[in-house]
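A.B. asks: Sequence lines, in order, name chains A and B.
Residue numbering for the first sequence follows our numbering, beginning at 1 and increasing consecutively.
Residue numbering for the second sequence follows our numbering, beginning at 1001 and increasing consecutively.
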Amino acid sequence: CRIMKCNSEFLAATSSGPHHLGIEEASEFCTALRAYAHCTHHTARTCRGDLFYHSAVHGIDDLMAQHNCSKEGPTSPPRVRPPPRADSQERSDSPEICHYERSFHKHSPPPNYTHCGLFGD
Amino acid sequence: PHLRTFLDSFQTCKVPGAWPLIDNSYLNVQVTNTPVRPGSMATATSKLTIIFKSFQECVEQKVYQAEMDELPAAFADGSKNGGDKHGANSLKITEKVSGQHIEIQAKYIGTTIVVRQVGRYLTFAVRMPEEVVEAVEDGDNQGLYLCLRGCPVNQQIDFQAFHSTTQTTENWARRKGPSVPSLPEAFTYESAMAKCREKLPVEDLYFQSCVFDLLTTGDVNFTLAAYYAFEDVKMLHSSKDKLHLYERTQALEPGNMATSE
Chain A
1 CRIMKCNSEF LAATSSGPHH LGIEEASEFC TALRAYAHCT HHTARTCRGD
51 LFYHSAVHGI DDLMAQHNCS KEGPTSPPRV RPPPRADSQE RSDSPEICHY
101 ERSFHKHSPP PNYTHCGLFG D
Chain B
1001 PHLRTFLDSF QTCKVPGAWP LIDNSYLNVQ VTNTPVRPGS MATATSKLTI
1051 IFKSFQECVE QKVYQAEMDE LPAAFADGSK NGGDKHGANS LKITEKVSGQ
1101 HIEIQAKYIG TTIVVRQVGR YLTFAVRMPE EVVEAVEDGD NQGLYLCLRG
1151 CPVNQQIDFQ AFHSTTQTTE NWARRKGPSV PSLPEAFTYE SAMAKCREKL
1201 PVEDLYFQSC VFDLLTTGDV NFTLAAYYAF EDVKMLHSSK DKLHLYERTQ
1251 ALEPGNMATS E
């Protein structure tokens, strides 16, 4: 169960807090909440019965209602898109979230990998 | 085809038609298997579709499709990466051998996929983090896909039962007579073993699969399919001491044993 990762990401994204927000900040808070909901959703299977997980799920629903956030919408803030490169070299400025080992396991042991194969008749 | 699951179960399956290999929040892989001989229960993979679902600011949804004699080194839209998003190059296709071997790196989910065409049929291998394997949306099929749960019991072929019958390509060809297309080569159990030993010196389940394939088809290309499947395991499996498997996973119920055709 990786609910603590979801919690930390949400806290990092909303470090300024939801209070006294302007329209733009409120929109960003909803975006962060949706990302939080998305993250918890993906941990649902492994977090069954985990108190932190169930608290988070209820907390998200409450916060969404309090801030009139729609469940549908972006889950990451808009970015200025760099011009596409002609070559296929990896961009050094790729968001960290696009590198699994760097983003998901920054402060934890390397992930366990599994293998599946299908061949022959 | 022969299936090695995420849990290192090893099975030989019928699974004719379209079946999901992987179906989670990030990725969907589906294969279509067709009989290797008219009316045969043994099938091999003739089509493979991989859908990489759109992921945050990394990749747009991309579809990869391979069929017999068509193993492209690009997605269905002609691109070779994840589209126009900021992290598009976290998904990339690399051609290793033209028309025969491609590799797809999906760094944003820590996943590597290898697809090959060996002879007429396709092979598939994947390395994926456990966390991604387990990422199944609630309300979906709860991970009912072959790579996770293996083949349903009624789709498994009992290799030992098959072996104990007299069903070799040699007597199959003799029994069918001259009206059916002739096989490229007819193998006895001993000659199939000898042929497989040339590429697979360790008599593990890859070796046994090779023998099975030669007996059922007479097509020597399946020797290479087993060989490359093992090469892919060597590259992709995280436990180097678990590469060779010797015990076939049996989940057969009484009365449901594979019998002769």
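Glycine included, C-beta positions come from ideal geometry on N, C-alpha and C.
Remember, predicted model here, so these are calculated numbers, not experimental data.
Tell me, which residues are paired with B/Ala1018 by DSSP?
C.D. replies: Paired residues: B/Thr1032.
A.B. asks: With a 10 Å radius around its C-beta and 16 neighbouring C-beta atoms as the bar for buried, classify A/His42 as buried or exposed.
C.D. replies: Classification of A/His42: buried, given that the 10 Å Cβ count is 16 or more.
A.B. asks: Three or more C-beta pairs closer than 8 Å, one from the region 32–48 of chain A and one from the region 1118–1127 of chain B: is that the case here?
C.D. replies: Touching, no, given that fewer than three Cβ pairs across the two stretches are closer than 8 Å.
A.B. asks: With which residues is B/Gln1061 paired in a DSSP beta bridge?
C.D. replies: Note: B/Gln1061 sits in no beta bridge, so no partner.
A.B. asks: Within the continuous alpha helix (DSSP H) that includes A/Ile60, where are the two ends?
C.D. replies: Looking at the DSSP string, the run of the alpha helix (DSSP H) that includes A/Ile60 is Leu51 to Gln66.
A.B. asks: Ends of the alpha helix (DSSP H) at B/Leu1122?
C.D. replies: First-last for B/Leu1122: Tyr1121 to Pro1129, but that is the beta strand (DSSP E), not the alpha helix (DSSP H).
A.B. asks: Between A/Thr40 and B/Glu1134, which are expected to be in contact by the criterion C-beta below 8 Å, what is the C-beta distance as a whole number of angstroms?
C.D. replies: Their Cβ separation, rounded to whole angstroms, is 14 Å, which puts A/Thr40 and B/Glu1134 out of contact at 8 Å.
A.B. asks: Can you pull the chain A residues whose beta carbon is under 9 Å from the beta carbon of B/Ala1044, in chain order?
C.D. replies: Those are Phe119, Gly120 and Asp121, listed as they occur along chain A.
A.B. asks: Tell me which same chain residues have a C-beta within less than 8 Å of the C-beta of B/Met1068, skipping the five on either side of it?
C.D. replies: The residues are Ser1046, Lys1047, Gln1117, Arg1120, Tyr1121 and Leu1122.
A.B. asks: Determine, for A/Ser88, whether the minimum Cβ-Cβ distance to residues of chain B falls below 8 Å.
C.D. replies: Bear in mind that the predicted position of A/Ser88 carries a pLDDT of just 42, short of 50, making it too unreliable to give a figure here.
A.B. asks: Buried or exposed: where does A/Glu101 fall if 16 or more other Cβ atoms within 10 Å of its Cβ makes it buried?
C.D. replies: A/Glu101 is exposed by the Cβ-count criterion.
A.B. asks: List the residues of chain A that B/Asp1213 touches, going by C-beta distances under 8 Å, in chain order.
C.D. replies: Here the neighbours are Gly120 and Asp121.
A.B. asks: Give a yes or no on whether the C-beta atoms belonging to B/Asn1081 and B/Lys1096 are separated by under 8 Å.
C.D. replies: No, these two residues do not count as a Cβ contact at 8 Å.
A.B. asks: Excluding five sequence neighbours on each side, which residues of the same chain lie with their C-beta closer than 8 Å to the C-beta of B/Ala1073?
C.D. replies: Taken in chain order, the residues that qualify are Lys1080, Ile1093, Thr1094, Glu1095, Ser1098 and Ile1102.
A.B. asks: Does A/Asn112 have its Cβ less than 8 Å from a Cβ in chain B?
C.D. replies: Interface residue, yes.
A.B. asks: Given that a residue counts as buried once 16 or more other Cβ atoms are within 10 Å of its Cβ, and exposed if not, what is B/His1086?
C.D. replies: So B/His1086 ends up on the buried side.
A.B. asks: Comparing alpha-carbon positions, which option in B/Val1063, B/Val1015 and B/Tyr1026 lies nearest B/Met1041?
C.D. replies: Per the Cα distances, B/Val1015.
A.B. asks: Would you list the one or two residues that DSSP bridges to B/Lys1047?
C.D. replies: Beta-bridge pairing links B/Lys1047 to B/Thr1032 and B/Glu1067.
A.B. asks: If you reduce the DSSP assignment to three classes, tell me which class A/His38 lands in.
C.D. replies: Of the three classes helix, strand and coil, the one that applies to A/His38 here is helix, per DSSP.
A.B. asks: Run down chain B in chain order and give the residues with a C-beta less than 8 Å from the C-beta of A/Ile97.
C.D. replies: Chain B residues near A/Ile97: Gln1056, Glu1057, Cys1058, Gly1087 and Tyr1108.
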